[in-house]
Amino acid sequence: MQDTDKFNRNKMVTCVACHPTEFCVAAGLENGRILLWYDFMKDNDPAMSTLHWHSLAVKCLSFTTDGSCMLSGGLECVMVRWQMGSQNNRDFKPRMGAPLHRIQSSQDGTLYAVNTDDNVIQLLDISLRVLQVYRGLTRCSFNTKNPIPCGLGYDPRSRTLVTNGLPGHLQFYSLALNKQLFNLDIVGQNYISPENIDRPTVVTEVTCTAISHDGQWLATFEVWYDEVFSPEMRLKFWVYSSESQTYSLNTRVEHPHEDRIMKMLFRPPPPTNSKSQATMSLVTLGNDNCFKLWILVDDTDIYRENVKWDCDCVGFYRGLQALCADFSTDGSTLVVAFEHLLTVWDPNKNIVCTTLSNSLSPKENIKCVRVGSHRCRHQLVLATTDHLISWDLLSLSILWCIQAQASILIRDPASDLMAFVSKDKLHIFQPSSCEMLFQQDGVSSSEVLAAVFVPGERDPALADVGWPGKSQIYLYNADQQLITLDSPQYREERSKRVKIAQNIPQSTLSSFLAESVVKETPEIKTKDTMGRTTAVQDNFFTSLLQSNEPVSLYCDKYLNSLLVKRKKKRRSVSHTDDESESDQDAKESSSSESEDEASKPPAKYARIAPGAQTVRNSKHENMDKLLAKPLDWVQWCSSLSLK
């Protein structure tokens, strides 16, 4: 690089691309400029040109196969196509969703594959239209400290993992299909790229989520705070619509707490055999040293039937900060941790039943608490900074206490198991005993941010391997990787399974069989009916609209067009007695029988007896009799003047 270039001096090169047919090298710089060197193999001082459109660093460069165009992308979420012959001719593909990571052109130059930082590949045609989008587990590209602030949730209705996705979105990821089902827009705002990389754009983040046990309700909390203006905080309740197959907004609460909401969870429904009827409710814990209980109330008026969410009560204890909470499996008890104290509440009356305190010195704040389920539903486990403690709610005594730095504590809803993560180790246990049923070292190369039990996702062949139960454990680390535990033997067996494709082309045999089936299908010939219009009738209506003559002159012509034509010549109708008419019909029927018998093959079909009476088609005779009568009544009807 020349020393006289004061704008690009000492600028870091972020990406490099080589021309496929010429001695040309393109380099993207951190200031958004693109430098091109020509004939660098022949000349010690090669010619250089500069292209500049990007305001931020260029992250990817690529030439097309024929070298006529160059593709570039960066933090602006825009793909730029440069014409090499004329640098002023540029095409843009804006709003790619995330900063561009890599661009590749097809061999024929008709398709472009663009990989963005959110783990998405978009396929574009030569006119820069999106043809296909390949989306996996969405990665966060704007928050490097905590990419999933709302953690991992499980939707039992769609059997998907729910976590943060695009900025201001929630993604529903199917574990069975290994793909993302859909994104739910929570904040309703577009992502805007920053003007300066040192001052990133502050976006509205979804920091807390909660899903009801039937998947019908979804609660989200979003916050926007740039440390200059006052923060914007919203609590939203979403209800699932079976018609639209998505969630729709039901209730929005501005500033539900004086500070941020840290935790929230729905109250479990009572057992089916229980006589008590608990109201659908949600508990939220904020940084304002209190928790709030929200209930579902009726909001029906004269215009529509509706329900909404409203704050029912507020709880606090000695001015201490509420850190975590959990419901019992039957929803009859609520436990809330206020710093180092654990309080047991009656959610129906909003009163404190008892307070639990450990004898640890110094006092350690409670980071997480989980109430047991199934056989251990009368026990709870809490995690402090350096200890794991199990309590018996019936005797209000400590069962056991071990030293462990548990960062995550989760409960299996389908069994009495619990699990906690300590650094890079996974431990599975029961609340009734401090002995670990299963331990796994080195589960993640980076810090584990969230974990969840997914009921029914574990293969039945692995029910006795590792730990008992049918729930599978999924972990999410700081590298934005979704990790699960699997058996090597089962993984090899699963890799041998071949999925049958549904869109494969037909083979020669299948095409032949399909053609033979079509040929064997008899053709259905339909006759002209009275309801169909023919060309004669269409001409009749057209001429009638354009003519001023009376309608009665066209009645005979129109009625004749409605008649079904016969192949034979219509015989004349004579007004004779019934005996002569029956004799003539008998002659015609006998002649038709002789013709039919001559045409039929002498095979296994049953013959008509000589003395049997044949059934005659009387539709044509009735029509002949109708036409033989005078049509004066039609002319009389047409002469009437309707008012």
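Be aware that the sequence shown starts at 1, since it is given in the working numbering, and climbs by one per residue.
In this text, a Cβ means the ideal position worked out from N, Cα and C, and glycines have one as well.
- The residue from P347, I261, P256 and H257 with its alpha-carbon nearest to that of S281 is P347.
- Boundaries around L562 are those of the alpha helix (DSSP H), C555 to L562, since no beta strand (DSSP E) includes it.
- Assigned with DSSP and collapsed to three states, R375 falls in helix.
- Shown here, C150 sits in coil according to DSSP, grouped into three states, outside any helix or strand.
- Runs of the beta strand (DSSP E) lying entirely within the stretch 51-107 and spanning at least 3 residues, in chain order: 58-63, 69-74, 79-83, 90-93 and 100-105.
- Apart from the 5 residues on each side of it in sequence, D424 sits with its Cβ closer than 8 Å to the Cβ of D441, G442, V443, S444, S445 and V448 in its chain, given in chain order.
- For K292, the enclosing beta strand (DSSP E) has its first and last residue at F291 to D298.
- DSSP places K263 in the strand class (E or B) of the three-state scheme.
- Around the beta carbon of T160, 16 or more other beta carbons lie within 10 angstroms, which makes this residue buried.
- In this structure, DSSP gives A325 an extended state, which the three-state scheme calls strand.
- The stretch 37-45 makes no contact with the stretch 54-67: fewer than 3 CB pairs, one atom from each, lie closer than 8 Å.
- Counting C-beta atoms within 10 angstroms of its own C-beta, F63 has 16 or more neighbours from the protein chains shown and is therefore classed as buried.
- In the DSSP assignment, the residues bridged to L123 are A113 and Q132.
- Residue nearest to V223 within the set H257, E195 and Q216 is H257 (criterion: CA-CA distance).
- Residue environment analysis places R370 among the buried positions, since at least 16 neighbouring C-beta atoms fall within 10 angstroms of its C-beta.
- For the options T201, V187 and E30, the alpha carbon positioned closest to that of S193 is the one of T201.
- For the 8 Å CB-CB criterion, M262 and N287 form a contact.
- Pairing T251 with L184 gives a Cβ-Cβ distance that is not under 8 Å.
- In this structure, A419 keeps its C-beta atom at 8 Å or more from the C-beta atom of I366.
- Inclusion of L111 and L128 in the CB contact set at 8 Å is not warranted, their separation being larger than that value.
- Each residue's CA atom was taken as its position, placing V283 and L320 some 17 Å apart.
- If you draw a straight line from the Cα of G28 to the Cα of F221, it is about 40 Å long.
- Shown here, S248 sits in a strand according to DSSP, grouped into three states.
- Per DSSP, reduced to three states, the secondary structure at A176 is coil, with no helix or strand assignment.
- Beyond the five residues adjoining it in sequence on each side, V78 comes within less than 7 Å, by CB distance, of F92, K93, P94 and M96 in the same chain, given in chain order.
- Cβ neighbours of V203 within its own chain (closer than 7 Å, five residues either side excluded): F142, P167, G168 and Y191.
- Your pair G67 and H101 does not check out as a contact, with CB atoms roughly 23 Å apart and the cut at 8 Å.
- For L175, the closest C-alpha among the options E457, P268, L71 and S230 is that of E457.
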